[in-house]
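Protein chains in written order, with our numbering: chain H, 25 to 119; chain Y, 7 to 109.
The following block contains the structure:
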């Protein structure tokens with residue numbers, strides 16, 4: 025699993041969509057994560073430290089895995105825009 | 007694995023699922039260009055809610071849901087998402103004012 029910064033993640037995600045036009049799928053997963061292991065989380069809870077959560081976004085085309093963990097709301101907007109441009113195969117409404 | 011027919015119901019149930027367990031709940035989006043199909047899944051590893059579509063009009067809805075989930079996941083399950091879904095309302099209000107001025 026390749027953990028990337030927001031910008032490289034988005035370029036790679038766009039590439040994935042472009043590569044999967046003929047066949048294959050692209051999966052994008054979003055999950056809340058502190059990016060810390062259980063042991064660390066317990067220690068922080070015991071000390072009373074506040075845990076910072078981020079949004080972990082993962083993407084795969086079945087072969088390659090990429091991910092990013094970020095707080096940027098811009099990422100969600102960008103993913104949506106990428107989807108808009110790429111998901112052209114979905115049927116347009118007739119009316 | 008339940009496929010929902012109603013978008014509103016799917017969104018309401020998924021937000022409910024997230025608020026019950028924000029750490030375990032994840033939102034998955036699968037797109038197949040060759041089939042022209044989009045499938046959305048929200049699960050907390052106990053329940054699973056799915057929504058599938060082949061309609062272009064649903065992209066906007068998915069966009070909104072993306073924003074909502076992102077805001078909830080970064081800011082917390084109690085975050086105020088009215089600004090995310092309320093942006094549309096604000097835009098609508100502005101456009102109404104616009105029409106009035108033209109007259």
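Virtual Cβ for every residue (Gly too), placed ideally from N, Cα, C.
Own chain residues within Cβ distance below 6 Å of residue 56(H), not counting five before or after
Answer for residue 56(H): 77, listed in chain order.
Alpha-carbon to alpha-carbon, residue 39(H) and residue 119(H):
Residue placement at residue 119(H) cannot be trusted, given a pLDDT of 43 that sits under 50; what the coordinates show is reported in the next sentence. In a straight line, the C-alpha of residue 119(H) is about 33 Å away from that of residue 39(H).
For residue 46(H), which residues in chain Y fall below 7 Å Cβ to Cβ?
Chain Y residues near residue 46(H): 40.
Please classify residue 86(Y) as buried or exposed, where buried requires at least 16 other C-beta atoms within 10 Å of its C-beta.
Exposed, because fewer than 16 other Cβ atoms sit within 10 Å of the Cβ of residue 86(Y).
Cα separation between residue 41(Y) and residue 52(H)?
Rounded to whole angstroms, residue 41(Y) to residue 52(H) spans 17 Å at the Cα level.
Could you tell me how far apart the beta carbons of residue 65(Y) and residue 61(H) are, in whole angstroms, since I believe they sit closer than 8 Å?
Actually they are not in contact, since the Cβ atoms of residue 65(Y) and residue 61(H) sit about 37 Å apart, beyond 8 Å.
Looking only at DSSP bridge pairs, what is residue 89(H) linked to?
Partner(s): 84(H).
Comparing the C-beta of residue 72(Y) with each C-beta of chain H, is any distance below 8 Å?
Closer than 8 Å: yes.
Short-range partners of chain Y found in the stretch 57-81 of chain H, where Cβ spacing is below 9 Å:
For the stretch 57-81 of chain H, which is checked against every Cβ of chain Y, the residues closer than 9 Å are 57, 58, 77, 78, 79, 80 and 81.
Within chain H, partners of residue 85(Y) - CB distance below 8 Å
Neighbours of residue 85(Y) on chain H: none; closest Cβ ~11 Å, over 8 Å.
Who are residue 78(H)'s beta bridge partners in DSSP?
Partner(s): 57(H).
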